[in-house]
Amino acid sequence: MVASAIDTWRDAGRPSFTRPLLLVAAFMAGCDSGPPRGAGTTSAGDSVAAVEAELQAERAYQDAVRASDSLAHASVAQRDRFGGTIVVAGRNDIQTLNPLVATDMESVQHQAYVLFTTLVRSGPDFEPLPWLARDWTIDPEGDRITFHLRDDVYWHDGVPVTAADVAFTWERVVDPAVPFFNPSYFDAWEAVEVLDERTVRFTVRQRSNLLYGWAVTAILPEHILGEVPVDQLATHPFGTSSPIGSGPFRFVERVPGDRWVFEANPDFPDGLGGRPYADRLVYRQITEDAAAEAALRTGEIDMIVDADPASARRLAADSGLVVTSYPSAEYSLIAWNTRREPFDDPDVRKALTLAIDRESIARVVRGAYGSVSAGPVGPWHWTWDPEWKPLPYDPDSAAVLLDRAGWTYADSDGIREKAGRPLRFELYSTPRQAWQDVATIVQANLAEVGVEVQPRVREQAALIPLVTSPDRRFDAFLVGWSRDVPLDDRDLWACDRVDDPMHFTGWCLPELDAVLDSMQVVADRESLARLTRRYESLVADAQPYTFLFNVETILARRKGLRGVEADARGTWASVADWWLEPEWRR
Amino acid sequence: METLIRYVGSRLLQAIPLLIGVVTLIFLILHLAPGDPTAIWFNPGIPPEVLDRMRESMGLDRPLHEQYLYWLKSFLIGDFGYSYSQFRPVSEVIGDALPNTLLLGGVSLLVIFGIGITVGVWQAARRHTAADPALTFVSLFLYSMPGFWLGLMLILAASTWLSWVGLPVSGMTSIEHSQFGLFGRFADVAGHLVLPTIALGLGSAAGIARYVRGEMLEVLGQDYVRTARAKGLPERTVILRHALRNALLPVVSLLGLYLPLLFGGALVIEVVFSWPGMGRLMYDAVLARDYPLVLAASFLFAVLVIAGNLLADILYAAVDPRVRHA
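Residue numbers (our numbering), protein chains in the order written: chain U, 1 to 586; chain V, 1001 to 1326.
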């Protein structure tokens, strides 16, 4: 019954899903046979409708999935949800579960949600909620914060988790000898004092998102790591071979380059959800997308994290599988080097953005699993404003802007010139196929308005020194990255940091600096949302980046795996509630 | 025998400067390539001071010749260093991965030469039947097929119309592996070996088959084969005892040449099948600019290649008296 709900719907609604593919094909063909203007304009109405239809079909599909999940929830009693092994596959291995050094998404999530506990936990809008700390009080002056810890959380070796562990964790992450990847989480935290076993008090400064660092940094066991010299913590085998945590799952074994195996922790306190449903949880590295897809179909694995959009379409057509997605903190962009002509002219940058068909790019690269990006804040963040629209795709206005900026057609080669210099630039990217596709579309779009793009490909490790070194010998590059909840983008824009590696564009604005600084110190959420809007509009006016698209993380799972409620907090945020329908257990 | 030992000894001595040359070259190429290990932490929000501190802790702030001498010295005393992308000592990382690659490579080698020689001999013995051109077609087809593509097709087949066989498509062991008995574990790994071995070995086996067939046809035309037949020996003895032994001489030297090819091929096949071996390790290590890991792994590859060549030469001397006595 549960199955038929989805199947019926798919029969009715799925076919329309393939139409945008044709649109893409037409678009690409247009590129090959000269200026795609004709193809673009005649089908503009159709294409908007097709994209809209695709997105609607996707929304309807996701609704059907949710309905089926809640039906399963209602029909299977809670006690029957326990049992089974859940196998999740991702592209990368988890290299270490040492919270002090691990930086990648999978590692950080396994620390925060699977193996360890955090002091607080983020709610859906990244508001801090009680977790290991059952509550906290802030002194009236706002400079001291006192956490009261739960007394029923134990390390997996039986030792209770205490205030000393919290103090120890903080002392280590802020220690300069420890290469903790984001010390800025704790730069407003100045001193710690253990009042008793369950009470710990910190001295703090005013800061927005003050508690966020505590929601992503796992508490470390002092009784195990306390004696390890500080400079050896990063290389200590604790994280790679024998991690002891305090979370809902315990470590069982690791096969390097292949998998991590965890088992349910029966002693996890009921107040935090109790024993998780699954008996075992496995994370496997499967590098090749096709192999992961095959493993999902044969039932070797139960879920693929971050599936490729192209395979997502195929997988969703399989009646035994379900594909869902959630907004991730990742977006992609073209960064313009405003230290160079012609990118020093804001009108040129704006013209380039207007001339690039970002909707087509988002569809080609992400299918239904992404959206055009309007600025540095995407749908994943609670300050995101759905009313805030990106610049339209408008080649005619782009042409007008370029004319006005002095870039005109001086001869018949189809490339604009100014003072004898043609409007031509190199666009760098890494060799990922998605970037090649984007570069091709950008090249075709800009050729239409008389701009010549020369795509250049560099492997990531080679591209980074090119764009970060002080001489900045590049015109523009394509990149995608993930941002963090505090939205501390001062390294990208601040006027006093133009020589810092991440200040790719060289564009800065004193007013923006003031906004970005305030964003890091205001405590109330309303002001923060207002400042974020201001940040977006200042960047949109100047277009130092052309924002391309926001990414949704795709989860493809077997239908019998239930309870996977993922959002921007990450795939594993709900891991303790995942359960397998009895007939889907292996 | 004594000459053989002296021969092997001198070859081993020659190998030492060769190995030092190889690793020095790789050291230089690695450091000349743009980028450094901190590239994997590329994300706005990581303060430049943190990256500088990481570079410092890896010794990357020192002049190149100092890094080289330091590295060479620790290398000579058997300290391969620390892998910054894996957060473990290099020796440990390689100790986990190398046996897996040797297993896959070894089994593939058996398959390559087992199938290749059998098919080649069989074809040569049935030269004037329809089976010969048919097999020629098949082996040329397989020989021309890239291993990674064959691998993807095998994965496709195993997950669709061959899914009833239940062959695993990725990894080396099942999740329940540690709960199996000895035989169960063996069967588990054997099952996981099937597809990667076919992908890695089939093309090469086809190549060997072509080669053996050619050699056999040449040998079968020799006077001593006619003599053997004239003596009234059964055809089976003629082919297996008299012709095959002579036809195999050049094939033996191929053995050494196939070793590096096998590891090169393993790099791709391991990625396709998520086989936790050296090929995949090295691929990731190069992208992450994990210098110590790349250097140690390439050193091992160089050792394997040199050992393979040496092995081929020794085998050649063992089977061919002319070489032994020269």
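Even for Gly, the Cβ is constructed at its ideal location relative to N, Cα and C.
In this text, all values refer to a predicted model and were calculated from it rather than measured experimentally.
Exercise. Taking DSSP as the reference, what is the three-state secondary structure of Val-551(U)?
Worked result: strand
Exercise. With DSSP run on the structure shown, which of helix, strand or coil describes Ser-328(U)?
Worked result: strand
Exercise. Tell me which same chain residues have a C-beta within less than 6 Å of the C-beta of Ala-494(U), skipping the five on either side of it?
Worked result: Asp-513
For this session: Output, in sequence order along the chain, the residues in the region 1260-1286 of chain V whose CB is closer than 8 Å to any CB in chain U.
Result: Val-1271, Val-1272, Phe-1273, Ser-1274, Pro-1276, Gly-1277, Arg-1280 and Leu-1281
Exercise. Any C-beta of chain V sitting closer than 8 Å to the C-beta of Ser-527(U)?
Worked result: no
Problem set entry | Whether Tyr-61(U) touches Ala-476(U) by CB criterion (8 Å) | no
For this session: Output yes if chain U places a C-beta closer than 8 Å to the C-beta of Arg-1289(V); else output no.
Result: yes
Problem set entry | Residue-level contact to chain V via CB, Glu-253(U), 8 Å cutoff | yes
For this session: Taking a Cβ distance cut-off of 9 Å, strictly less, list which residues of the region 1050-1064 of chain V are near chain U, in chain order.
Result: Val-1050, Leu-1051, Arg-1053, Met-1054 and Ser-1057
Exercise. Does DSSP put Gly-1166(V) in a helix, a strand or coil?
Worked result: coil
For this session: Give a yes or no on whether the minimum CB-CB distance between Asp-1096(V) and chain U is below 8 Å.
Result: yes
For this session: Can you say whether Glu-54(U) is buried or exposed, counting buried as having 16 or more other CB atoms within 10 angstroms of its CB?
Result: buried
For this session: List the DSSP bridge partners of Tyr-154(U).
Result: Pro-160(U)
Exercise. According to a CB-to-CB cut-off of less than 9 Å, which residues of the region 452-468 of chain U neighbour chain V?
Worked result: Arg-458, Glu-459, Gln-460, Ala-461, Ala-462, Leu-463, Ile-464, Pro-465, Leu-466 and Thr-468
Exercise. If you draw a straight line from the alpha carbon of Ser-574(U) to that of Leu-1261(V), how long is it in whole angstroms?
Worked result: 46 Å
Exercise. How would you write the range of the beta strand (DSSP E) that Val-252(U) sits in, first residue to last?
Worked result: 249-255
Exercise. For chain V, is any of its Cβ atoms less than 8 Å away from the one on Glu-288(U)?
Worked result: yes
Exercise. Is it true that the region 327-347 of chain U meets the region 517-531 of chain U, where meeting means three or more beta-carbon pairs spaced less than 8 Å apart?
Worked result: no
Exercise. Taking one C-beta from the region 537-545 of chain U and one from the region 563-579 of chain U each time, how about it: are there three or more such pairs within less than 8 Å?
Worked result: no
Exercise. According to the Cβ coordinates, are Arg-280(U) and Glu-253(U) closer than 8 Å?
Worked result: no
For this session: Take Trp-384(U) and list the residues in its own chain whose beta-carbon comes closer than 8 Å to its own, dropping the five residues that flank it on each side.
Result: Val-377 and Gly-378
For this session: Reducing DSSP to helix, strand and coil, say where Phe-1027(V) ends up.
Result: helix
Problem set entry | Short-range partners of chain U found in the region 1073-1087 of chain V, where Cβ spacing is below 8 Å | Tyr-1082, Ser-1085, Gln-1086 and Phe-1087
Problem set entry | Limits of the beta strand (DSSP E) - the one that Met-303(U) falls within | 303-305
For this session: Within 10 angstroms of the Cβ of Cys-562(U), are there 16 or more other Cβ atoms? Answer buried if so, exposed if not.
Result: Reading the sequence as shown, one finds Arg at residue 562(U) and not Cys. Arg-562(U) should be labelled buried.
Exercise. According to DSSP, is Gly-1095(V) helix, strand or coil?
Worked result: helix
Problem set entry | Local Cβ density within 10 Å of Gly-1009(V), reported as buried at 16 or more and exposed below that | exposed
For this session: Take Glu-1235(V) and list the residues in its own chain whose beta-carbon comes closer than 8 Å to its own, dropping the five residues that flank it on each side.
Result: Ala-1125 and Arg-1229
For this session: Using beta-carbon positions only, say whether Asp-318(U) and Arg-297(U) come within less than 8 Å of one another.
Result: yes
For this session: Would you mind reading off the limits of the alpha helix (DSSP H) that contains Val-1050(V)?
Result: 1048-1057
For this session: Counting only the same chain and skipping the five closest in sequence on each side, list residues whose C-beta sits under 8 Å from that of Leu-354(U).
Result: Leu-391, Pro-392, Tyr-393, Asp-394, Pro-395, Ser-397, Ala-398 and Leu-401
Problem set entry | Validate contact between the region 452-470 of chain U and the region 180-190 of chain U using beta carbons, cut 8 Å, 3 pairs | no
For this session: Would you mind sorting Tyr-1224(V) into buried or exposed? The rule is 16 or more other CB atoms within 10 Å of its CB.
Result: exposed
Exercise. Who are the near neighbours of Glu-127(U) in its chain, counting only those whose CB is closer than 7 Å to its CB and skipping five residues on each side?
Worked result: none
Exercise. Does the distance from the C-beta atom of Leu-1254(V) to that of Ile-1208(V) stay below 8 Å?
Worked result: yes
Problem set entry | Whole-angstrom distance between Ser-241(U) and Arg-472(U), CA atom to CA atom | 41 Å
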